[in-house]
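Structure record follows, encoded as structure tokens.
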Amino acid sequence: MITRSAPTMFNRKNIRAACYSFLFISLVYGAWLGSQQTGSAQADENIHTDTVPVVSAEIARMDVPVRLVANGVVTAKQMVDVRPQTSATVEVVHIKEGQFVQKGDKLFTLDARAAVASHNQAKAQLAKSRADLVNAEHQFERHQELFGKGFISHAALDMVRNQVDSLRGQLGSDQAAVDATQVARSFTEMTAPISGRTGAISVNPGSLVMPNDSAMVSITQIDPIHISFSLPEKELRGIRQALEKGQVNVSALLEQTIQPGALTFVDNAVDTASGTIRLKAEFPNADNDLWPGMYVRVMLAPRLLADVLTVPVQAVQISPDENFLYVIAEDNSVSSRSVDVRLIQDGLAVIEGAGLAPGTRVVAEGAQNLGPGSFVAESATYDHVAYTRSPLNNRAGEARDWGVSVKHDLAAVGQTVGQTSLR
């Protein structure tokens, strides 16, 4: 009898071993596959966590006036030193120091007794000469009748005629003397030659004044008022072209407010020592905010850069070889783009570069942590066009225009703007 129990047991052992091997291989493969999936997920997570938070902005197209800023000195439009034109003592001082006077207002009254006496004497002499002339003219008429009847010679008639002519000349001289004494008398009533504000008064009632003395008071016209300033000679051509087109507006900074004025004078020569041209602008000054001798900052915009591309100035990155922007792609990766900077002003940079267009997103803040190919997350957006034109700029922009650093809340991101610079 043939038995097969031993082979059956052998086959069962082989099958069991194969099952264990398959199970072991499956476990090992599953562990390997799980580790690959975990690594991929961690890699994806690392890509997300490696993004850099930035403040972004869009390239904008706009018109940018080129502003020229300079330091100026306030000067009076007119200043007059009031001096006596006759020798006399002061009787009355009609004004106070620092008083505003109108043209023609009384300033001082001088002792007029000597002037009045001289004037009366001149008038009396004029009356005498007039009477002498009337008498001489009557004598000439009688001599003409006698000459016609042959009672007197022609020489006698000529003598009377010469006397009439002489008295007529004397009458004219006496009339001039009356006029002169009248003018001298008017010098005793001293009036304001211009409208303005008085300075220090150097005389008092009873003081003796003479024509060669120092000024009794000075009067300064401060409404309107002038500001003198200088600009580099390279700006002369643009300023002249602007003047040919019409009025060139000039603004002055006064305690965080802007005072408007107009350019009135361009000097006829460039200062060879400094390479600058002297200019003068006139400003209304009804509130007396401007005072002669003050130092103020002035600004004018004689030319305009029309339809140019702009970005926030902090978006322009500087390297030893070039200026560039970090442009943000749709997948939030960044790449550098070379640009030329034409102007930096009011927190804006006017740029030129290939492939740049309005609406292109660029990195405005946070670029120090970036490199080409980096990924970014936009934590805030800086709308520099809206900021430039916003009502807030009526206050903050004034300071920015004049180079004063101001703070602007930019979606909870602190951002310093300002420091106007012209290149």
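Residue numbers (the working numbering): 1443 to 1865.
Even for Gly, the Cβ is constructed at its ideal location relative to N, Cα and C.
Since this is a predicted model, take the numbers as computed values, not measurements.
The criterion of a C-beta distance shorter than 8 Å is not satisfied by Tyr1768 and Gln1756. Around the beta-carbon of Thr1531, fewer than 16 other beta-carbon atoms lie within 10 Å, marking it exposed.
Within the segment 1672–1752, the runs of alpha helix (DSSP H) that reach at least 4 residues and sit entirely inside it are, in chain order, 1678–1687. Apart from the 5 residues on each side of it in sequence, Gln1527 sits with its Cβ closer than 7 Å to the Cβ of Phe1629 and Pro1653 in its chain, given in chain order.
Between Ser1693 and Gln1544, the C-beta spacing is not below 8 Å.
The DSSP-derived three-state label of Ser1637 is coil.
Between the alpha carbons of Ile1681 and Ser1672 lies a distance of about 12 Å. Non-local beta-carbon contacts of Ala1598 in its own chain, meaning distances under 7 Å to residues more than five positions away in sequence, involve His1585 in chain order. Apart from the 5 residues on each side of it in sequence, Gln1624 sits with its Cβ closer than 7 Å to the Cβ of His1561 in its chain, given in chain order. Two segments are said to touch when three or more pairs of C-beta atoms, one from each, lie closer than 8 Å; by this definition the segment 1663–1672 touches the segment 1707–1723.
Non-local C-beta neighbours of Asp1553 in its own chain, meaning closer than 6 Å and more than five positions away in sequence, comprise Ala1530, Thr1531 and Glu1533, ordered along the chain. Following the DSSP letters along the chain, one finds Glu1579 inside the alpha helix (DSSP H) bounded by residues Arg1555 to Lys1591.
Segment contact: the segment 1493–1510 against the segment 1604–1616, fewer than three CB-CB distances shorter than 8 Å; contact not assigned.
Distance from the Cα of Gly1808 is smallest, within the candidate group Pro1800, Gly1801 and Phe1817, for Phe1817.
With contacts defined by Cβ atoms closer than 8 Å, Ala1704 and Gln1689 form a contacting pair.
Ala1626: member of the alpha helix (DSSP H) spanning His1596 to Ser1628, first to last residue. For Lys1676, the closest alpha carbon among the candidates Ser1716, Ser1649 and Gly1648 is that of Ser1716. Spanning the alpha carbons of Thr1714 and Asn1513 requires a straight line of approximately 19 Å. Shown here, Ala1757 sits in a helix according to DSSP, grouped into three states. With fewer than 16 other Cβ atoms from the protein chains shown falling within 10 Å of its own Cβ, Gln1698 counts as exposed. If you check the CB distance, Val1516 and Gly1735 come in under 8 Å. Rounded to the nearest whole angstrom, the CA to CA distance from Gly1546 to Lys1565 is 27 Å. Nearest C-alpha to Thr1718 among Leu1751, Pro1674 and Leu1678: Pro1674. The beta carbon of Asp1709 lies closer than 8 Å to those of Ile1719, Arg1720 and Leu1721 in the same chain, with the five residues before and after it left out.
Closest option to Tyr1737, judged by alpha-carbon separation, among Val1602, Leu1696, Asn1727 and Pro1744: Leu1696.
Following the DSSP letters along the chain, one finds Asp1505 inside the beta strand (DSSP E) bounded by residues Ala1502 to Val1524. Judged by DSSP in its simplified three-state form, Gln1527 adopts coil rather than helix or strand.
Within the same chain, Ile1594 come within 7 Å of Leu1588 by CB-CB distance, once the 5 residues on both sides are set aside. Comparing C-alpha distances from Gly1540 to each of Thr1662, Val1522, Leu1790 and Ser1761 shows the shortest one belongs to Thr1662.
Here the alpha carbons of Pro1754 and Val1497 stand approximately 11 Å from one another.
Nearest neighbour of Asp1505 by Cα position, chosen from Val1606, Glu1631 and Leu1751, turns out to be Leu1751.
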